[in-house]
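Following: one structure in structure tokens, then a few remarks.
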Amino acid sequence: MRGEFIMPFINVKTNVPVGSDKEKAIKSALGRDITALPGKTENWLMVGLEPECHLWFKGTDEPAALVDVSVYGGADADAYRALTGKVSALLAEELGLKPDRIYVKYSSTPDWGWNGDNF
26 MRGEFIMPFI NVKTNVPVGS DKEKAIKSAL GRDITALPGK TENWLMVGLE
76 PECHLWFKGT DEPAALVDVS VYGGADADAY RALTGKVSAL LAEELGLKPD
126 RIYVKYSSTP DWGWNGDNF
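Following the working numbering, the numbering of the sequence shown begins with 26 at its first residue and continues without gaps.
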């Protein structure tokens, strides 16, 4: 199994409530959107969703989100830009967040553990 095909994790922190229907819609959409990063698929995607966090941005607690995308390996700037657009549109549609109230943070690592071992 080649590492570039596995191990993305997307964690969404937001200060708004998220009902179970919205959670499922966001999880499913992120599963589709992760393909903006070459070789990444929902088959290995882990999603975390943390609603109603204490989150302030630009000095206010107006609706906002921090999306943390972690990947084994990495991707190029164009792929990250494409995913940022998709994530921003998704959170605008599902949670009513304004794109200028969303941060998307990317991190990549050469080391990732799974199933009692590392890739």
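Cβ coordinates follow ideal geometry from the N, Cα and C atoms, glycine included.
Chain D within 8 angstroms of residue i, Cβ atoms only
| i | result |
| --- | --- |
| Ser95 | Of the chains in the structure shown, none is chain D; there is only one protein chain. |
Closest Cα partner of residue i within the set the options
| i | options | result |
| --- | --- | --- |
| Asp103 | Thr60, Leu120, Lys47 | Thr60 |
| Asn40 | Asp86, Lys49, Lys65 | Asp86 |
| Pro33 | Ile51, Leu80, Thr66 | Thr66 |
| Ala100 | Ser133, Cys78, Trp139, Leu122 | Ser133 |
| Trp81 | Ala89, Ala50, Val94 | Ala89 |
| Gly73 | Ile51, Leu62, Trp139 | Ile51 |
| Cys78 | Trp69, Asn36, Met71 | Asn36 |
Residue range of the beta strand (DSSP E) that includes residue i
| i | result |
| --- | --- |
| Ile51 | It is not in any beta strand (DSSP E) - Ile51 instead sits in the alpha helix (DSSP H) that spans 45-58. |
| Glu75 | 71-75 |
| Asp136 | From DSSP, Asp136 is part of no beta strand (DSSP E); its letter is neither H nor E. |
| Thr39 | 34-39 |
| Leu91 | 90-97 |
Bounding residues of the alpha helix (DSSP H) (the contiguous stretch that carries residue i)
| i | result |
| --- | --- |
| Gly110 | 102-120 |
Own chain residues within Cβ distance below 8 angstroms of residue i, not counting five before or after
| i | result |
| --- | --- |
| Asp58 | Leu108, Lys111, Val112, Leu115 |
| Lys47 | Glu119, Leu120 |
| Leu70 | Pro33, Phe34, Ile35, Leu55, Gly56, Ile59 |
Residues near residue i in its chain [Cβ-Cβ closer than 6 angstroms; skip 5 each side]
| i | result |
| --- | --- |
| Glu29 | Here the model assigns Glu29 a pLDDT of 46, short of 50, so the residue's position is not dependable, and the following value carries that caveat. Only Gly64, Gly98 meet the Cβ criterion. |
| Leu91 | Lys38, Tyr128 |
| Ser95 | Phe34, Ser132 |
| Asp93 | Asn36, Lys130 |
| Tyr105 | Tyr131 |
Own chain partners of residue i with C-beta closer than 7 angstroms, once the 5 adjacent residues on each side are dropped
| i | result |
| --- | --- |
| Pro76 | Thr39, Val41, Pro42, Val43 |
| Pro124 | Ser113, Ala117 |
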